[in-house]
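In this note's numbering, the protein residues as written are 3 to 385.
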């Protein structure tokens, strides 16, 4: 029966082989990345252990766990391309495909095995992107360890400017669980020839109403009417800044939790607020994360199968094909960066490189199966 053939020993052996090789490639990448990271940050880990009166291993092992979670999530796609490439060459050397073909097996068995492997690895990617990686980054920031702790642990982010079409806000910002602003200056009418109002407040904290801030010791100048300044002890007013955005101010969207990213994107759906494309791009990437490992493993398999000539391997062709696979992974990061910079819509930035990789792998498979005769080399004349 067909369904039993597609879930039999051959398919399960191919799935185990795919997972073993991809897992090994991921382990190698993880060891290299951790070595580079520890070479830079091990001294700071020692200092943190000394300052907190802990043994080095009590700080180092959790740090390695946080970094490993982040690295595995970031490099799984690369491992899938490399693993799919290597496992295809190993199968070619062992003549696995020849044995299966002689037994009457169709190429669909390999596709089913790739589908199963891609689904299992996709679940790992999905969990890592949506939950494990943001949690690991937050734990590292809270512990003030490594690069993320160095960048994001300090909640005082200094003086910042925030602009809309009609307003400019300058204030000293504090992010984190209790976000606040101090020494706030608000300039209204920046889209006109002259400003209309200027406001100064000593502090600003979120009020009980969404989008409204409570300002203290407020001085207002009516520039348009040339009136003397007025003073009020407390003023509730909306600002061009959401509480969630200030809470996570300066933190890249792909490090945010899903809840925080959705809150920022939802709150900034109104035209009066500045957009944050990195949060929207992060949510789009997490939606398609489950498909990336399978697609890029399929690409690695398809590229490697072009580097063989009979029973021989073509080293230079394999090197060129491996470069194509690497560039495909780099393209993923480039498109994500374009989404973060608001050059491309978030969903297009998240899906375009994956669709290109899938299309390329499909064309390569059709070419090797003989369905694209126009791409074949012309036969040499024996005369």
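Glycine included, each C-beta is placed from N, C-alpha and C at the ideal position.
In this text, all values refer to a predicted model and were calculated from it rather than measured experimentally.
Which two residues bound the contiguous beta strand (DSSP E) that contains residue i?
i           : result
residue 219 : 214-224
What residues match up with residue i in a beta bridge as DSSP calls it?
i           : result
residue 162 : 173
residue 205 : 184, 218
residue 238 : 216
residue 297 : Its beta-bridge partners do not exist; DSSP assigns none.
residue 200 : 189, 223
residue 229 : DSSP lists no partner for residue 229.
residue 310 : 315
Go to residue i, then tell me how far its alpha helix (DSSP H) extends in each direction, as first and last residue.
i           : result
residue 326 : 317-342
residue 69  : 58-96
residue 38  : 11-53
residue 358 : 348-370
residue 345 : Where residue 345 is concerned, there is no enclosing alpha helix (DSSP H), given that its DSSP letter is neither H nor E.
residue 108 : Taken as a continuous stretch (DSSP letters only), residue 108 belongs to no alpha helix (DSSP H), as it is neither H nor E.
residue 194 : First-last for residue 194: undefined, no H or E at that position.
residue 211 : First-last for residue 211: undefined, no H or E at that position.
residue 247 : 245-249
If you draw a straight line from the C-alpha of residue i to the C-alpha of residue j, how long is it?
i           : j           : result
residue 108 : residue 116 : 14 Å
residue 128 : residue 21  : 17 Å
residue 273 : residue 305 : A caution first: residue 273 carries a pLDDT of 44, below 50, which makes its placement in the model unreliable, though a value can still be read off. Computed Cα separation, rounded: 46 Å.
residue 175 : residue 199 : 22 Å
residue 276 : residue 242 : Low per-residue confidence applies at residue 276: pLDDT is 47, beneath 50, and the placement is therefore not dependable, though the value from the model is reported in the following sentence. About 7 Å.
residue 2   : residue 187 : Shown here, the chain extends from 3 to 385; a query on residue 2 therefore has no answer.
residue 70  : residue 365 : 35 Å
residue 35  : residue 191 : 50 Å
residue 73  : residue 62  : 16 Å
residue 102 : residue 373 : 21 Å
residue 177 : residue 38  : 30 Å
residue 151 : residue 315 : 47 Å
residue 99  : residue 93  : 7 Å
residue 371 : residue 104 : 17 Å
residue 367 : residue 361 : 10 Å
residue 154 : residue 143 : 6 Å
residue 344 : residue 281 : 11 Å
residue 30  : residue 77  : 11 Å
residue 369 : residue 307 : 11 Å
residue 211 : residue 240 : 9 Å
residue 363 : residue 17  : 19 Å
residue 167 : residue 334 : 33 Å
residue 140 : residue 257 : 8 Å
Report yes if the C-beta distance between residue i and residue j is below 7 Å; otherwise report no.
i           : j           : result
residue 251 : residue 159 : yes
residue 75  : residue 331 : no
residue 163 : residue 169 : no
residue 136 : residue 283 : no
residue 238 : residue 216 : yes
residue 309 : residue 320 : yes
residue 83  : residue 327 : yes
residue 295 : residue 123 : yes
residue 218 : residue 205 : yes
residue 138 : residue 65  : no
residue 359 : residue 292 : no
residue 24  : residue 85  : yes
residue 220 : residue 197 : no
residue 355 : residue 337 : yes
residue 182 : residue 214 : no
Between the region 237-248 and the region 257-272, do at least 3 Cβ pairs fall closer than 8 Å? The region 237-248 is in contact with the region 257-272.
Would you check if the region 346-361 and the region 283-296 touch, i.e. whether three or more CB-CB distances between them fall below 8 Å? The region 283-296 is in contact with the region 346-361.
Three or more C-beta pairs under 8 Å: does that hold for the region 111-125 against the region 51-60? Contact between the region 111-125 and the region 51-60 is absent: fewer than three C-beta pairs spanning the two stretches fall below 8 Å.
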